[in-house]
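Let me begin by presenting the structure, written as C-alpha cells, before commenting on it.
Chains as they are written, first to last, in this note's numbering: chain A, -8 to 352; chain B, 2 to 309.
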C-alpha cells in the first residue's frame, strides 16, 4: 500500500504522511536486496514476481480510474489497450522479417499504438452515455481479440508469440515500481489540476460542464489517451516479463473486470482507492488461489457481487467520512439526478414517467 | 448465385435463432431496467441441462443412465420449466436488489453472476465442448442449395416462441400487467399490480426463453461454459437495433445480424467466422451513434428510458 495519504485534498499533505510514504517507498526499493543477503530469506524470485504483478495491477487500476472514476465513463474493455501494448511490443521484438527491436524502443512504440487506438476508438464511443459506452468498449475488447487472432502473419494468430526470454526479476520489479509511483503521482497531480477538476465536472454534469466552457470532447479524449498510453506500457512490460503472448492469455475476460473490482473495492474516483483496492485484492486472491484453485473464479464473482451490494463506497468511503470517494450509487445516481434537475417541473405524460421506472421513488 | 442463396438461407436460420435468443434480454431490460450480462451464461445453462437430459449424464462424467436419454427438442418444455424456477429464484434473491439502482450496479452484479455460472458449469461439466444428438438430422437438397433439417426445426421453434410471447404479452392479463409495469411502475401499483411478483415472473419467463435458446443451439453448435459473452454481446447489439422488448424489431434485428454474419462467413474466406463477432460490434456502435432510439419502438424507446 504505497500511497494512502493522497486522499487528503486541498489542505496540504501532512508531514507525517510524507515521511510515512517515503519510508514505505524506501522499504519497497530495498526489498530486492533480500535475495542478495542470504540464501533462505522471505524475499525470493517468486516473491519479487508477486510484487511486480501487484505494481502492474496498481498501475492498471489507477489508469482505469482516470476514465472510470474521474471522468465517469465506466470502461468495460480497458484491457484492449493492455493487449495492444503487449502485442505491439511482442511483434516488434520478435520481428521475423526485419531487424528485431530492443525492448525499450518496442515498449514506447507499443504504448504509442495503444494511445493512437485510444483516439480512434474514443472519438465514436465517448459520445455514448452510461451503459452504452461500457458495452461498446466490451465489444471493442472482444472484437480486438478476434482481429488479433485472424491477423496471423503479424501476430502469430492462436499460436501466439514467444518473446526473447529475459528472466531478470529485480529489473522488472524496479521498472514496475517506478511506473506505479510515476502513475500514482500523475493521478495525484491530475486530481488537483484544472484538467482534473474539468474531468470531475464532466462526471458530475456533462452538459453543465460544456455550458461553462469546458471542451468536454477534448478533455474526455485526453483522459482516455493518457489512460490508454500508460496501460499500453504496462502491457508491453507484461509481455516481456511473461515471454509468451497469445490472444487468450492477453485478452482474458477477467483482465478488465479485475480492474473494475479493485477500483471499486478501494474507492472509485479517488487517487488512493485503486492502489488500496489493487493491493488488497491481489493478496486476497493469492491466498484464495493457493487454497482453492478450482473455486477461485467463483469466489471472485461472489466477491464482486458482495462489494457492489454491500460496500458501494469502497474502503476509502468506509474509513473516511469526508465523502472524497465517489460511490457508484452517487456517481450514476447523479447522472440521472442531473437530468431530472434540468427538467423544470415533473412531467406527468406517460412517456416521461417511463423514465422513473428505472429508479426507486 | 447458389452461394448467395445458401448464405441467405443460413443467415435467415441463424437470424431467427438470434431473435429468439435475445428476447429474454430485451424484455428484462425493458420491464425492470436491468441489463443482464449473465444472459449468455443462462443460454449455456439451458444448453447444459439439455445435454444432461440428452446424454443421461445425471452426474456429468460420473453417472450415466440409459433410460433418460431424451431427444433435445422434446426436452425443451422440461428445460424451460426448470429454468423458469431458477430465474424466479435468482430474481427474488439477487436481481430484486438491483432493480431501480443505477445501471452500473446491475451490470456488475450480473457480470459477477455470469462468472459464477460459467465457472460452476466448468467445475461440474468440465470445459470440454459438448454437443447433443438429435434424430432430426440430415438435409434437404434443392438444386445446389442445402437446407439442414435441424436448423429448420430451430427456425420453427424460434417463430413459435416469439409468437407465444407476443400473444402472452398482448392478450393475457398477466402479460398486460407486465407491460403496465414496464410503462409506469407507480400507476401499475395503484391499480393493484404486485410489482415484485410481476418482476419475478417476468425474469422467470425470460430466463425460460433464454434457456430454450440454449436447447435449440445445442445440437448444431458445441456448447462450452465460456461461450456466453459473445452471445450476450449479440443480444445487446440486436436490442440496440430493435428497441427494448419490441418483437418485430427483434425479428428484423436478428435477421439482419444473422444474414450479415452468414455473408461474412461465406465470402471472407477462412477467417470470416471469427470476424462475425466484429460485425456484431460494428453494427452496435453504428446504431448507437446514429439512432440511439433503435429502429423500432418497443416497450419503451431506449432514449427515453435512459434519457440519452
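No residue lacks a Cβ here, since even glycine has one placed at the ideal position from N, Cα and C.
Contact of residue 279/B with chain A by beta-carbon distance below 8 Å involves 134, 137 and 138.
The region 241 to 248 of chain B makes no contact with the region 115 to 123 of chain B, as fewer than three CB pairs between them are under 8 Å. In this structure, the CA atom of residue 111/B is about 6 Å from the CA atom of residue 37/B. Taking C-beta atoms as the reference points, residue 50/B and residue 22/B fail to come closer than 8 Å. Taking 8 Å as the threshold, the shortest C-beta distance from residue 271/A to chain B does not fall below it. When DSSP reads this structure, residue 149/B sits in a beta bridge with 140/B. Collapsing the DSSP output to three states places residue 60/B in a strand. No Cβ-Cβ contact shorter than 8 Å links residue 284/B with residue 137/A. Residue 285/A reaches chain B at 120, 123 and 124, counting residues in chain order whose Cβ is nearer than 9 Å. At a cut-off of 8 Å between beta-carbon atoms, residue 119/A makes contact with chain B.
A check of alpha carbon separations from residue 134/A across 103/A, 75/A and 199/A identifies 75/A as the nearest. For residue 286/A, there is no enclosing alpha helix (DSSP H), as DSSP marks it with neither H nor E. With respect to chain B, the C-beta atom of residue 123/A has a partner C-beta closer than 8 Å. Chain-order list of chain B residues neighbouring residue 126/A: 237, by C-beta distance under 7 Å. Collapsing the DSSP output to three states places residue 182/A in a helix. Only those residues of the region 78 to 101 of chain B whose C-beta falls short of 9 Å from the nearest C-beta of chain A are listed: 95, 98, 99, 100 and 101. Residue 211/A counts as buried, since no fewer than 16 other beta carbons sit within 10 angstroms of its beta carbon. Contact between residue 207/A and residue 197/A holds: their C-beta atoms lie close to 6 Å from each other, under 8 Å. In this structure, residue 83/B and residue 203/B do not form a Cβ contact; the two beta carbons are roughly 18 Å apart against a cut-off of 8 Å. By the Cβ rule, the region 45 to 59 of chain A counts as touching the region 257 to 274 of chain A, because three or more pairs are nearer than 8 Å. Among the CB atoms of chain B, none fall inside 8 Å of the CB of residue 196/A. Each residue's CA atom was taken as its position, placing residue 115/A and residue 107/A some 14 Å apart. A straight-line Cα-Cα distance of about 37 Å links residue 20/A and residue 129/A.
By the C-beta density criterion, residue 169/A is exposed, having fewer than 16 other C-beta atoms within 10 angstroms. Residue contact check for residue 60/B against chain A: no CB pair falls below 8 Å.
Note: residue 224/B is bridge-paired with 131/B in the DSSP secondary-structure output.
In the DSSP assignment, residue 55/A falls within the unbroken alpha helix (DSSP H) covering 36 to 56. With a cutoff of 8 Å on beta-carbon distance, residue 137/B and residue 74/B are scored as near each other. Of the candidates 42/B, 214/B, 77/B and 57/B, 57/B places its Cα closest to the Cα of residue 70/B. Against chain A, the CB of residue 130/B has no partner CB under 8 Å away; the residue lies outside that interface. Contacts between residue 48/A and chain B, judged by CB atoms closer than 9 Å, are missing: the closest CB pair is about 18 Å apart.
Judged by DSSP in its simplified three-state form, residue 65/B adopts strand. Residue 225/A sits buried, since 16 or more C-beta atoms from the chains shown fall within 10 Å of its C-beta. For residue 275/B, the chain A residues whose Cβ falls inside 7 Å of its Cβ are 137, 140 and 141, in order along the chain.
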